[in-house]
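When the letters of the sequence shown are read in order and numbered with this note's numbering, they come out as residues 51 to 311.
Note that beta-carbon positions come from the ideal geometry of N, C-alpha and C, so glycine has one too.
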Amino acid sequence: MSRFQMTAVPPGVTAGIAVFDRETGQFVQQQNADHQFRSASVVKLLIVLDFLAERGPRYDVPPADRARLELMLRSSDDDAASYYWDELGGGDLVDRMVLRLGLTHTVRPPATHPGFWGYVAISAADAVRIYRYILDRAPLPVREFVMDLLHRPTRYGTDGFDQFFGIASVFDPDFSVKQGWSGFLGSSGYGSDRAKPDSALDLVSDALHTTGTVGVDDRTIVSVFTLHPSGTPYEQAYAAVTQLTAALTVPGGVRIQAVGQ
């Protein structure tokens, strides 16, 4: 039996949850934390880290890249992610980051979909490892560059989707986020594969993930990955993920008084 308090998951929804308190150095909650989900836009964290990896010791970012990366992290721009996916070698960047960050359940997209960066497999526990690397191990210029952008998300992604579900709807004012959505009607071409899935990774269900930090000095890392039955309205999944996040134990988190239903 898990030693962690279990959070109720809505019927039909698959969830992976990991909450890590950096002040105590302990997980507060883990639930299905090693289950692999397709990453959707959460993989953009690995993309920016791989881009920055060999730019030390000054980690200068040319203006054109700075603008593109800002759009990718703050507004979850897919064109920027596709540009760097190709520039950095696609799945090879995932392999490099797995080794550098010590990830245990993150793998490149299935061989049937090598160009689909949103099909990188990842777990809630590995998302926590990514944030722990950024906050505690990455060179200071890398940490400052990435976290500054994650602390300033735009309300809407460049594809028009409202990305203030989960962490951004529950906590105020100290939070950072990198959200992910995939498969919903009108979302990017890196969404769900409506044909039969060719791998063990679920490429059909609609995916909605909220990841980031909460509290002063990024005290607590929160990672909630979810899958919803194909055809679920975005608003319904948005509300479900927000309610799941609101039910978590998050040290240092200041909650908004009214969480949307």
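- Look at residue 146 here: in three-state DSSP terms it is helix.
- Per DSSP, residue 184 lies in no alpha helix (DSSP H) segment and is marked neither H nor E.
- Within the DSSP bridge table, the entry for residue 276 names 65 and 258 as partners.
- No residue range can be given for residue 54, since it is assigned to no alpha helix (DSSP H) and is classified by DSSP as neither H nor E.
- The three-state secondary structure of residue 232, taken from DSSP, is strand.
- DSSP links residue 81 through a beta bridge to 67.
- The DSSP-derived three-state label of residue 170 is coil.
- In the three-state reduction of the DSSP assignment, residue 195 falls in the helix class, which pools H, G and I.
- When rounded, the separation of the alpha-carbon atoms in residue 174 and residue 68 is 6 Å.
- For residue 124, the secondary structure class from DSSP, reduced to helix, strand or coil, is helix.
- Judged by DSSP secondary structure, residue 286 falls within the alpha helix (DSSP H) whose first and last residues are 284-296.
- Collapsing the DSSP output to three states places residue 226 in a strand.
- The segment 116-134 makes contact with the segment 188-203; the number of CB pairs closer than 8 Å reaches 3 or more.
- When C-alpha distances from residue 133 are compared across 260, 279 and 115, the shortest belongs to 115.
- Around the beta carbon of residue 230, a 10 Å sphere encloses 16 or more other beta carbons of the protein chains shown; the residue is thus reported as buried.
- Judged by DSSP in its simplified three-state form, residue 87 adopts strand.
- With a contact defined as Cβ atoms closer than 8 Å, residue 262 and residue 232 miss out at about 18 Å.
- By the Cβ rule, the segment 55-64 does not count as touching the segment 141-161, because fewer than three pairs are nearer than 8 Å.
- Annotation: the continuous alpha helix (DSSP H) that includes residue 102 extends over 94-103.
- Residue 161 and residue 304 have their alpha carbons spaced roughly 43 Å apart.
- Boundaries for residue 59: no alpha helix (DSSP H) harbours it, and the DSSP string shows neither H nor E there.
- One alpha carbon belongs to residue 187, the other to residue 95, and they sit about 15 Å apart.
- In this chain, the alpha helix (DSSP H) harbouring residue 218 covers 217-220.
- Taking all protein chains in view, the Cβ of residue 222 is surrounded by fewer than 16 other Cβ atoms within 10 Å, so the residue is classified as exposed.
- If you compare the alpha carbons of 290, 72, 259 and 100 with that of residue 185, the shortest gap goes to 72.
- Under the three-state reduction of DSSP output, residue 129 falls in the helix class.
- For residue 304, the three-state secondary structure derived from DSSP is coil.
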